[in-house]
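In what follows, a single structure is set out as structure tokens and then discussed.
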Amino acid sequence: MSNLAVNAADRERLLAAYPEVFHRSLMQRWGLAIAAVAVFVYLAFCFSFFNVIPTFANGNWDRAAIYLQDWYSWRAQPRLRFQNGQVVPQWTSRRQYPDGAAIDWLKPTSNGGYTVIFGSDDRLDVTPSQVDVYIDGKLYPVAIRGDRAVLPAGAPARMVQDDNKVNVRFGFAGQAEIRNNQVYVQRRFLGWANFFFDTQSPFWGRSVTSVAGLMLFGERLDPAQSNPSLALDNFLNNGSWQHGDILSKLMQTLVMAFVGTLFATLIAFPLAFVAARNITTSRPVNWGMKRFFDFLRSIDMLIWALFFTRAFGPGPLPGIAAIFFTDTGALGKVYSEALENVDDKQREGVKSVGAAPVIVQRYGVVPQVLPIFISQSLYFWESNTRSATAIGAVGAGGIGLKLLESMKTNADWDKVAYMVLLILLVVFVFDNLSNALRSRVMGKKGS
Amino acid sequence: MAHAAGPAQFSGLQESSRTILDHYQQQVRTRRIYTVVSIVVFLIVLGASLDFANEANSGKFFERLPYFFDFLKSFVPNSPLEIFRAMFDLPSPYADGSIKFDYTSDRVWITDSFYIPNFFYQLAITINIAIVSTILGATGAFLLCFFASTNLVGAGLTRWVVRRIMEILRAFPEIVVAGLLAAILSIGPIAAIIAVSIHTIGALGKLFFEVVENADMKPDEGLRASGASWLERVRFAILPQVLPNFVSYTLLRTEINVRASTIIGAVGGGGIGEVFSLSIGRDHAAKTYAIIILLLVTVICVDQFSAWLRRRLIGKQSFEFGRGAA
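Right under this line is the structure:
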């Protein structure tokens, strides 16, 4: 921008006329910069206080990659044990294949070994005395000695000797850990295995059309029930994904939010009338009720949840109680503030025709505040659907607890992903539901 | 009251008024039926929910209710002074060698002779988690919000993408992020900081861009007319208008984040939440009460301080109930 041409007299006049612009205090001129420096210094302090660099340096970052891969893919993890000169596959994780299934990437060989295929040029030929590792078509034989597996000379970087075992990485396709008594194979595939039916189910391994055909026209697989009901049963009781359990836990979370908010609404409604200064005239009573609301609110939902979990045991009841207690405080406060803002004219009108006090409130006050009350309750319901997940994790039941358990085992990250997707879906649905109801109650501006 | 009136009172009405009255009463009847039906449906849903909750719970409500106070009884500390001994890590006369009364071992020594009581130290960690993640989250939200508002960004695609990013960050459960990071970085405050920051970006970003959208566009037009760039328009036309609201929302978020970092602590994010869930799980009454008192005082102090700061910075307008994006 160009300089403005101002003569001395004008300059004096402007300086005198707008002192607040030209003579601002130190804080006004440099406040933002000082605050920025203070924040920066504080962050630098926290950076060392929380040991950020050591924590990140010591993090298991390869684990992160594995867990994130688990979100969209699955691992088959057979252990190929060496027993009496034979190789015996042993399944540890979630029974991803039924006994004796023909697996196209894990084939027995004629000499009592197994071939594990990772790609067209990558594979393992496992025998108890030697494991032939093929990477990009080249052979690297790993010899099995009495107590260790030995890395061959000239092996590529994807093969590493780790103490007495040899680790081989095949990228996304998986990895193998060759030991003196077994080969621990991880084979990774896109998608979620056995998501619909586990290996025990007669529907396992069939295509969508085949399952649909069976359900609609097929003969009864189980004489006791029809095919669709058998399919539903198999789906809900899926051994590795536990759909039934997860859905019921999700239901618990929803029930916690619904019943908790509802009870809070029902209790806060009459109490708010007591707390509102313009409705109940006794000041000590107003004050007492407001402090009671503060008390309920200031003890965190977490503390209530932990307390009630100790009393009732884990499950939705402590969750309901925790939401009920905190929200009675929060809603009571909001409601009483809404009540204190009502237009007095309508009450006077009802009073003037000689109505009883209860009727005055019913027709003079409630119609004014009801939309606000309902809207606030819906708001809380919506936000509680989210909080219910969090307090579930501290033991109040619901999908939060299930989520935390799955995360703690460190093996079920695909299940975690599944539950997170369900939670996101439910939160999305309930946000929209509550928004729609709210805008119906309040008119368009209500959201 | 029109509802209470019987037809007899209206016998003298003309035919046209009669029709209107009939119609009105018809509507009242329909409405009543709807009310009754919806109340019945509501009660059925409520009853079913309660029954389901009771069945799903590990202890049944009416079975456990008589024992409810038993549990509270087990939480009576030996003496009121014991709470303060636990709070300040002073030696207890009840010490029997168990961890329950061994408060002094938790002291955090700064120098050879000066220590911070453990709970205060843990509380400081929790509060610092909240503050750091609010700063990080607010910075992220600040950088994103201008790209999400209709009045500043012409490209619908940018806006759509940024808004969806915020939505996902906001809806993603904090405990999942914390759990994933705890598995990688081991349990501690850093997982909590990242989890809370991520959530804060989403929650504050939404509030921020709504403020930006409500800004007066006249200053912007003025700047545009004098040929200012997009950055200059944001800096000189929008920012001065929205900054007070941004500060207010950030302070409100600090309060929420203090609670959030306590909860994450309880599921393995370090800080006072972790100590709290341990002490309540192990029946350490005095310790539990000490922590509850500390938490209460902290939450009240943070609320009051942030209310005071907001009032000083922007006056009364900032006092809408700030739970919206919790």
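Those protein sequences? They're chains S and Z, same order as listed. Be aware that the first sequence starts at 1138, since it is given in my numbering, and climbs by one per residue. Be aware that the second sequence starts at 296, since it is given in my numbering, and climbs by one per residue. Every residue gets a Cβ at the ideal spot worked out from N, C-alpha and C, and that includes glycine. From a predicted model like this one, the values you see are computed outputs, not experimental measurements.
Simplified DSSP state of residue i, which is helix, strand or coil
i: residue 1314 (chain S); result: strand
i: residue 395 (chain Z); result: coil
i: residue 1495 (chain S); result: helix
i: residue 1259 (chain S); result: coil
i: residue 1430 (chain S); result: helix
i: residue 382 (chain Z); result: helix
i: residue 1238 (chain S); result: coil
i: residue 619 (chain Z); result: Residue confidence for residue 619 (chain Z) is low, a pLDDT of 38 falling below 50, so the modelled location carries little weight and cannot support an answer.
i: residue 1293 (chain S); result: coil
i: residue 510 (chain Z); result: coil
i: residue 1106 (chain S); result: Only positions 1138 to 1584 of chain S appear in this structure, which leaves residue 1106 (chain S) out of reach.
i: residue 1584 (chain S); result: The predicted position of residue 1584 (chain S) is uncertain, since its pLDDT is 41 and thus under 50; no value can be drawn from it.
i: residue 539 (chain Z); result: helix
i: residue 443 (chain Z); result: coil
Within chain Z, the residues that residue i reaches when beta carbons sit closer than 9 Å
i: residue 1197 (chain S); result: 478, 479, 480, 481
i: residue 1561 (chain S); result: 463, 466, 467, 468
i: residue 1569 (chain S); result: Per Cβ cutoff of 9 Å: no residues; residue 1569 (chain S) is ~12 Å from chain Z at best.
Under 8 Å between C-beta atoms of residue i and residue j
i: residue 1430 (chain S); j: residue 1412 (chain S); result: yes
i: residue 1548 (chain S); j: residue 1468 (chain S); result: no
i: residue 1466 (chain S); j: residue 1432 (chain S); result: yes
i: residue 1451 (chain S); j: residue 1538 (chain S); result: yes
i: residue 567 (chain Z); j: residue 414 (chain Z); result: yes
i: residue 445 (chain Z); j: residue 499 (chain Z); result: no
i: residue 1211 (chain S); j: residue 1550 (chain S); result: no
i: residue 1233 (chain S); j: residue 1172 (chain S); result: no
Per-residue contacts from residue i into chain S (C-beta, under 7 Å)
i: residue 353 (chain Z); result: 1450, 1451, 1452
i: residue 495 (chain Z); result: Going along chain S, no residue has its Cβ under 7 Å from residue 495 (chain Z), so there is no contact; the nearest lies around 14 Å.
i: residue 561 (chain Z); result: 1439, 1531
i: residue 315 (chain Z); result: Residues of chain S passing the Cβ test: none, with the nearest at roughly 22 Å.
i: residue 363 (chain Z); result: 1448
Interface partners of residue i on chain S, CB under 9 Å
i: residue 572 (chain Z); result: 1439, 1443, 1531, 1532
i: residue 595 (chain Z); result: 1431, 1435
Residue closest to residue i, alpha-carbon to alpha-carbon, out of the options
i: residue 1293 (chain S); options: S:1286, S:1309, S:1271, S:1300; result: S:1271
i: residue 603 (chain Z); options: Z:538, Z:547, Z:551; result: Z:547
i: residue 570 (chain Z); options: Z:451, Z:526, Z:401; result: Z:401
i: residue 380 (chain Z); options: Z:601, Z:583, Z:600; result: Z:583
i: residue 423 (chain Z); options: Z:435, Z:488, Z:476, Z:398; result: Z:488
i: residue 463 (chain Z); options: S:1299, S:1560, S:1574, S:1518; result: S:1560
i: residue 1532 (chain S); options: Z:572, Z:591, Z:587; result: Z:572
i: residue 559 (chain Z); options: Z:455, Z:351, Z:474; result: Z:474
Nearest-angstrom Cα separation, counted from residue j out to residue i
i: residue 1243 (chain S); j: residue 1251 (chain S); result: 7 Å
i: residue 598 (chain Z); j: residue 549 (chain Z); result: 9 Å
i: residue 1529 (chain S); j: residue 1337 (chain S); result: 31 Å
i: residue 1521 (chain S); j: residue 1460 (chain S); result: 7 Å
i: residue 1377 (chain S); j: residue 1567 (chain S); result: 28 Å
i: residue 478 (chain Z); j: residue 1321 (chain S); result: 22 Å
i: residue 355 (chain Z); j: residue 1493 (chain S); result: 43 Å
i: residue 619 (chain Z); j: residue 589 (chain Z); result: Confidence at residue 619 (chain Z) is low in this model, with a pLDDT of 38, below 50, so its placement is unreliable and the value that follows should be read with caution. Roughly 27 Å between the two C-alpha positions.
i: residue 1554 (chain S); j: residue 1503 (chain S); result: 45 Å
i: residue 1185 (chain S); j: residue 1255 (chain S); result: 44 Å
i: residue 439 (chain Z); j: residue 426 (chain Z); result: 20 Å
i: residue 1170 (chain S); j: residue 503 (chain Z); result: 22 Å
i: residue 1389 (chain S); j: residue 1527 (chain S); result: 13 Å
i: residue 1253 (chain S); j: residue 1246 (chain S); result: 10 Å
i: residue 1454 (chain S); j: residue 1393 (chain S); result: 7 Å
i: residue 1497 (chain S); j: residue 1484 (chain S); result: 6 Å
i: residue 616 (chain Z); j: residue 1357 (chain S); result: Model confidence at residue 616 (chain Z) stands at a pLDDT of 41, short of 50, so the residue's coordinates are unreliable and nothing is read from them.
i: residue 607 (chain Z); j: residue 518 (chain Z); result: 30 Å
i: residue 1380 (chain S); j: residue 421 (chain Z); result: 36 Å
i: residue 1456 (chain S); j: residue 1482 (chain S); result: 42 Å
i: residue 1488 (chain S); j: residue 341 (chain Z); result: 36 Å
i: residue 448 (chain Z); j: residue 442 (chain Z); result: 6 Å
i: residue 297 (chain Z); j: residue 329 (chain Z); result: In this predicted model, residue 297 (chain Z) has a pLDDT of only 45, less than 50, meaning its place in the structure is not dependable enough to derive any value.
Residues that residue i contacts on chain S, provided the C-beta gap is smaller than 8 Å
i: residue 333 (chain Z); result: Residues of chain S passing the Cβ test: none, with the nearest at roughly 13 Å.
8 Å Cβ cut-off: residues of chain Z touching residue i
i: residue 1186 (chain S); result: 423
i: residue 1389 (chain S); result: 347, 348, 351
i: residue 1204 (chain S); result: 475, 478, 479
i: residue 1192 (chain S); result: 480, 481, 483, 485
Contact set between residue i and chain Z, taken where Cβ atoms lie within less than 7 Å
i: residue 1392 (chain S); result: 344, 347, 348
i: residue 1459 (chain S); result: Neighbours of residue 1459 (chain S) on chain Z: none; closest Cβ ~11 Å, over 7 Å.
Can you give me, in chain order, the residues of the segment 532–560 of chain Z that have a beta carbon less than 7 Å from any beta carbon in chain B?
-> The displayed structure is made up of protein chains S and Z, and chain B is not among them.
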